[in-house]
Structure formats: C-alpha cells, structure tokens
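Inspection log for the structure reproduced underneath, given as structure tokens.
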Amino acid sequence: MALKTPEQYWDSLRRLKRRVFILGEEIAEPNDHPIVRPTTNAVAKTYELAQQPEFAGLMTAKSPLTNETVNRFCHIQGSTGDMIKKVKMLRLMGQQTATCFQRCAGLDCMNSLYGITWEADKEMGTEYHARFRRFLDRVQTEDLVCDAAMTDARGDRSLAPHEQADPDLFLHIVEQKQDGIVVRGAKAHQTGALNSHEVVVMPTTAMKAGSEDYAVAFAVPADAEGITYIYGRQSCDTRKLEATTGDVGNPNYGGQEALIVFDNVFVPWERVFMCRETAFAGRLVERFASYHRASYGGCKVGMGDVLIGATATIAEYIGVDKASHIRDKLAEMTHMNETLHAGAIAASADGYRLESGNYMVNILLANTCKLNVTRLPWEISRIAQDIAGGLLVTLPGECDFANPQTGPYLKKYLMGVSRVPVEAKVKILRLIENITMGTGAVGYLTESIHGAGSPQAQKVMIQRYGNWEHKKDLAKKIAGIV
Ligand code: SF4
Ligand code: FE
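In my numbering, the protein residues as written are 22 to 503.
Next up, the structure:
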C-alpha cells in the first residue's frame with residue numbers, strides 16, 4: 022500500500038539516525054522535541070487527510086508510474102486539472118493547519134526534476150531521467166517526504182559560486198569517485214528538513230562556465246553520513262517549552278526551517294540527477310521556482326482563510342461584528358485572499374505539457390501570483406490587527422489567568438460580550454498573534470516574501486516573460502503607428 026498512516030510516518034522519522042542541534046544542544050529524538058513536534062504534526066496531516074474518504078479526491082492521485090494510488094504530495098502532475106487540484110489541496114492543508122506544512126517544496130522539486138532530467142538526457146545524452154524515475158518510484162511507493170534543498174549560503178552575492186572566498190558557500194562537488202561524488206556545502210532555510218526522509222539537492226542559481234562543480238542535483242537519505250541539521254529559531258518559539266500551551270496560539274501545528282550542512286557527503290551515481298551540466302542549472306531553478314510560486318496561492322490562502330475567520334470571530338466576541346466598517350474590512354481581506362488564489366488557479370489552468378509528458382504552470386501567472394503573495398498577506402494581517410485591537414499585544418499570560426490573585430481581575434476586566442467566555446476571546450487573540458507576529462508569521466509573512474524567491478526574483482521573471490515588445494506592437498497598431 023502506497024499510503025502511509027500518520028503513525029507509520031512518525032515511526033519512519035523516529036528510525037532516522039540524524040545529527041541535529043536545537044537551541045545549542047544535540048537532540049537524539051528531534052521530532053519529539055516540543056518545538057519540533059507541532060511541525061511534524063503539520064506534515065503528518067498530509068498523511069491523515071489522505072486516509073479520509075472526503076478528501077481522497079484532492080489528497081491522492083493515481084500514479085501512472087506505479088499504477089497505484091499515491092499521496093498527491095508525491096504525484097507528477099499529468100494535466101492542468103492535476104495542477105489545479107494541487108493548489109486546492111494546499112489551500113485545504115493551510116485551512117487545517119494554519120501553518121507551512123512543508124511537504125510541497127519536495128513535490129514541486131520532483132515535478133521539476135522529472136522534466137529537467139528528461140530534457141538533459143535528450144540534449145546531452147545523459148541517463149538522469151531513468152535514475153530519477155527509480156528514485157521517484159520509491160518516493161511514491163513508500164510515501165516519502167522530500168526536503169527540496171535549493172538555497173545555498175551564498176556569501177558575497179556579487180560573486181559567482183566559484184569566485185567566493187570560501188568555496189563551500191555554494192554546495193559543490195569536491196571529489197569524483199568511480200561509484201559516485203562527494204559534496205560539501207550547506208543549504209539554508211530548509212523547510213521541513215527534520216520532517217523529511219530524503220534531501221533532494223538542486224543548484225540555487227543559473228551557472229556559468231567555471232562553476233561546473235556547483236551544477237549538481239542529487240538525493241540523499243536524511244540521515245546520510247556527514248549531514249548536520251541546525252534548527253532555525255522563530256519568534257516566540259520558546260512559548261512551546263512552557264508547561265501549558267495557552268499562550269502559543271496554534272498549539273498543534275507549526276512550520277520549520279533549518280540549516281543543513283553537508284560535510285563531505287558521498288552520493289552514489291544512482292542518486293545523482295545533474296553533474297556539471299551548467300546549462301540546466303538555471304532551467305531547473307526557474308522551473309522549481311515557478312511551480313512553488315503557484316503553490317503559494319494555495320497554502321497562504323488557506324492560512325488567510327483561518328486568519329479571516331479569527332478576525333471575524335474576535336469582532337463578534339467584542340461586539341463590533343455588525344459595524345459596517347468591520348464588514349467592509351472583512352470583505353477587503355477576503356478580496357485580497359481570493360486574488361491570491363485566483364492567480365494560482367489561473368497559473369495552473371493555463372499550464373502546458375512538457376516534452377517529458379508532465380505539466381508546467383504558466384510562468385508569468387505563477388510569478389505574478391507570488392509577487393502578490395509578497396504583499397497581500399501583510400495587508401490582510403494589518404487589518405486583522407486593526408480589528409483585534411491592542412489587547413493582541415498587552416494580554417497577560419495564561420499563568421496570570423490561572424493565578425488566584427490575578428485571574429479573577431483578568432476574567433472580569435478582559436470580558437467581551439457577556440455570552441462568550443473570556444477564555445475563548447484569549448484563544449482567538451493568541452491565534453491572531455501567532456499568525457501575524459509569532460511562530461505562524463514565519464510561514465504567513467516572512468516566508469510569503471522570501472520563500473520560493475524574494476520579490477525581485479519574481480520581477481526578473483515578469484520582465485522576462487512580460488513580452489513588452491508584443492504590447493508595444495499592440496499599442497502602435499491601435500494608435501495607427503506603422
Ligand atoms: Fe508548502 Fe507553502 Fe510551506 Fe511552500 S510555503 S512548503 S508551498 S506550505
Ligand atoms: Fe516555502
């Protein structure tokens with residue numbers, strides 16, 4: 022059976038023998054660490070929903086590669102309909118977890134490598150596609166999570182990979198052996214690193230002559246020898262270490278980023294999908310980025326749904342929900358959120374078939390969608406904070422509510438409408454705090470700017486695909502200029 026249960030997923034992670042550091046300490050069982058556990062729960066949700074008949078249409082797909090029903094997070098998209106379902110699946114997941122659920126980066130990476138390996142083989146006579154398909158077969162059959170490791174440390178951004186003062190600032194091949202390659206370097210901001218079974222490495226940028234050793238793509242098991250994970254901090258993360266979870270806001274789910282260091286990691290040929298083909302590095306980056314930029318019009322929209330719901334709820338709890346300006350602001354939030362979704366659906370619906378047989382999003386629309394994502398969640402959050410009021414940042418802690426000396430005062434003076442218990446008001450405020458400035462804001466705000474490339478990267482693509490010459494011709498024709 023190609024679908025793992027959430028329990029089987031948890032067990033499979035606990036079997037990995039990884040070298041992991043969190044808050045300065047080496048942690049033997051990282052997924053059971055209180056800061057990490059909610060992030061693993063978020064990925065486990067992709068397994069849980071796939072088991073539920075009402076979500077099966079979105080969460081699973083029939084794989085033509087294995088002829089089995091697989092989790093859609095492992096599926097190679099074979100139609101525009103498949104890509105639309107993916108976006109809707111991500112919105113559903115965002116609604117259910119209100120966080121970055123991490124697994125889509127690997128999905129977008131696999132769809133990118135599927136086409137790029139095919140094209141490299143055709144143009145260069147290599148044999149990457151068959152290798153990649155064997156890897157993919159195992160990912161689908163064993164229902165694995167892949168970390169998409171693209172972003173290098175990058176040091177001095179004005180220099181090419183091979184020009185850096187320290188050659189390891191971009192991950193590169195340090196040795197070629199008969200049976201494989203040895204690589205060294207680091208990948209930063211690795212979403213879901215500790216919730217993945219495999220790390221799939223891709224180059225971070227287009228490569229020119231001289232950077233051949235940096236044009237490398239491969240997969241290694243998450244516990245391969247030589248890999249070290251250093252966990253990234255998030256705002257308010259230590260609230261998860263408190264005895265109770267009342268101040269966390271989203272106690273069950275969270276997103277995760279880590280730095281992955283590759284210290285002379287051996288990769289057998291069977292797992293190498295690009296080796297010094299500089300011409301394909303930029304193409305792979307562009308493809309992955311475009312897939313993932315459309316994904317943001319799914320996941321962030323689902324988070325937006327939760328934030329709009331939380332904002333409407335606090336308005337009701339404090340008795341302002343009927344005010345026309347509040348309803349107008351909720352409509353504004355909804356309009357922006359649906360605009361993001363429309364971009365992703367359009368990028369998917371207007372996609373096209375690649376020579377390899379799988380489907381690609383419309384690149385201009387995907388980048389337009391993501392550029393909107395770098396802006397609108399901030400505006401949605403601004404309105405959420407406007408309606409929530411200052412209590413969002415002046416609210417005493419759960420321990421103050423529990424203290425018999427202060428609790429009665431807090432319950433008396435922080436009351437909203439009398440029919441709603443003050444505890445409910447506190448919980449919804451903490452959720453808004455989490456999404457707009459706590460651990461959840463990593464996924465909803467900062468990741469919206471920098472994930473899948475920062476805003477300027479989308480502008481570069483929009484310049485490339487905007488076709489201004491064609492638009493000039495249109496204008497000239499209308500104006501009667503020959
Ligand atoms: Fe998935 Fe969104 Fe997180 Fe990217 S940012 S991994 S698309 S949930
Ligand atoms: Fe992301």
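Ideal placement from N, C-alpha and C gives every residue a C-beta, glycine not left out.
Would you say residue i touches the ligand SF4, meaning its beta carbon is less than 6 Å from a heavy atom?
{"i": "SER402", "result": "no"}
{"i": "ARG126", "result": "One point to set straight first is that residue 126 is Ala, not Arg, in the sequence displayed. Yes, the beta carbon of ALA126 sits closer than 6 Å to at least one heavy atom of the ligand SF4."}
{"i": "GLU122", "result": "Before going further, note that residue 122 is Phe rather than Glu in the sequence given. Because some heavy atom of the ligand SF4 lies under 6 Å away, the Cβ of PHE122 counts as near it: yes."}
{"i": "SER316", "result": "yes"}
{"i": "GLY461", "result": "no"}
{"i": "GLY472", "result": "yes"}
{"i": "GLU468", "result": "yes"}
{"i": "THR61", "result": "no"}
{"i": "THR212", "result": "yes"}
{"i": "SER257", "result": "It is Cys, not Ser, that sits at residue 257 in the sequence shown. It does not: the Cβ of CYS257 is nowhere closer than 6 Å to a heavy atom of the ligand SF4."}
{"i": "CYS130", "result": "no"}
{"i": "CYS320", "result": "yes"}
Leaving aside the five residues before and after residue i along the sequence, list all residues of the same chain whose C-beta is less than 8 Å from its C-beta, in chain order.
{"i": "VAL306", "result": "MET171, MET223, PRO224, THR225, THR226, ALA227"}
{"i": "GLY487", "result": "LEU385"}
{"i": "MET131", "result": "CYS95, ILE97, LEU157, VAL160, CYS167, VAL221"}
{"i": "GLY253", "result": "HIS210, GLN277, GLU278, ALA279, LEU280"}
{"i": "VAL286", "result": "VAL203, VAL204, ARG205, VAL241, ALA245, GLU246, GLY247, ILE248"}
{"i": "MET86", "result": "Checking the sequence, you will find Leu at residue 86 rather than Met. ILE97, ARG154, LEU157, ASP158, GLN161, listed in sequence order."}
Within 10 Å of its beta-carbon, does residue i have 16 or more other beta-carbons around it, so buried, or fewer, so exposed?
{"i": "HIS218", "result": "buried"}
{"i": "MET482", "result": "buried"}
{"i": "VAL220", "result": "buried"}
{"i": "TRP489", "result": "exposed"}
{"i": "LYS198", "result": "exposed"}
{"i": "SER133", "result": "buried"}
{"i": "TYR149", "result": "buried"}
{"i": "TYR30", "result": "buried"}
{"i": "ILE56", "result": "buried"}
{"i": "ASP164", "result": "buried"}
{"i": "ILE499", "result": "exposed"}
{"i": "TYR373", "result": "exposed"}
{"i": "LYS107", "result": "buried"}
{"i": "LEU180", "result": "exposed"}
{"i": "ILE105", "result": "buried"}
{"i": "LYS493", "result": "exposed"}
{"i": "SER311", "result": "buried"}
{"i": "VAL269", "result": "buried"}
So, is the C-beta of residue i closer than 7 Å to a C-beta in chain B?
{"i": "HIS313", "result": "Among the chains of the structure shown, chain B does not appear; only one protein chain is present."}
Please go through the same chain and pick out, in chain order, the residues whose beta-carbon is closer than 7 Å to the beta-carbon of residue i, but skip the five residues on each side of it.
{"i": "LYS83", "result": "THR90"}
{"i": "ARG304", "result": "ILE137"}
{"i": "LEU413", "result": "GLN406, LEU450, ILE453, GLU454"}
{"i": "ASN271", "result": "ALA119, THR120, LEU452, ASN455, GLY461"}
{"i": "ILE408", "result": "THR332, ILE335, ALA336, ILE347, LYS350"}
{"i": "GLY437", "result": "TYR338, ILE339, GLY340, LYS446"}
{"i": "LEU397", "result": "MET357, THR360, LEU361"}
{"i": "HIS491", "result": "none"}
Short of 6 Å in beta carbon distance, which residues of its chain neighbour residue i, apart from the five on each side in sequence? Order them along the chain.
{"i": "HIS504", "result": "In the structure as shown, the chain begins at 22 and stops at 503. Residue 504 is therefore absent and cannot be evaluated."}
{"i": "ALA126", "result": "ALA169, THR212"}
{"i": "ALA368", "result": "ALA315, VAL382, ASN383, LEU386, ALA387, CYS390"}
{"i": "ALA141", "result": "THR147, TYR149, GLU298, PHE301"}
Measuring only from the beta carbon, is residue i closer than 6 Å to any heavy atom that is part of the ligand FMN?
{"i": "VAL481", "result": "Looking for the ligand FMN in the displayed structure turns up nothing; the ligands present are the ligand SF4 and the ligand FE."}
Using 8 Å as the Cβ pair cut-off and three pairs as the minimum, do the stretch 92-102 and the stretch 363-381 touch? yes
Stretch-stretch touch, CB-based, cutoff 8 Å, three pairs: the stretch 314-332 with the stretch 353-373: yes
Touching by the beta-carbon criterion (3+ pairs, under 8 Å), the stretch 192-205 and the stretch 237-248: yes
When you compare the stretch 401-409 with the stretch 420-439, are there three or more beta-carbon pairs, one atom per stretch, that lie closer than 8 Å? no
Is the stretch 111-126 touching the stretch 144-157 in the sense that three or more CB pairs, one from each, lie closer than 8 Å? no
Looking at C-beta atoms only, is the number of pairs between the stretch 456-468 and the stretch 359-379 that lie closer than 8 Å three or more? no
Using 8 Å as the threshold, is the stretch 257-265 in touch with the stretch 186-193, meaning 3 or more CB pairs across them? no
Closer than 8 Å is the cut-off here; do at least three beta carbon pairs connect the stretch 284-296 with the stretch 432-448? no
Are there three or more Cβ pairs, one per stretch, closer than 8 Å when the stretch 272-283 is compared with the stretch 469-481? no
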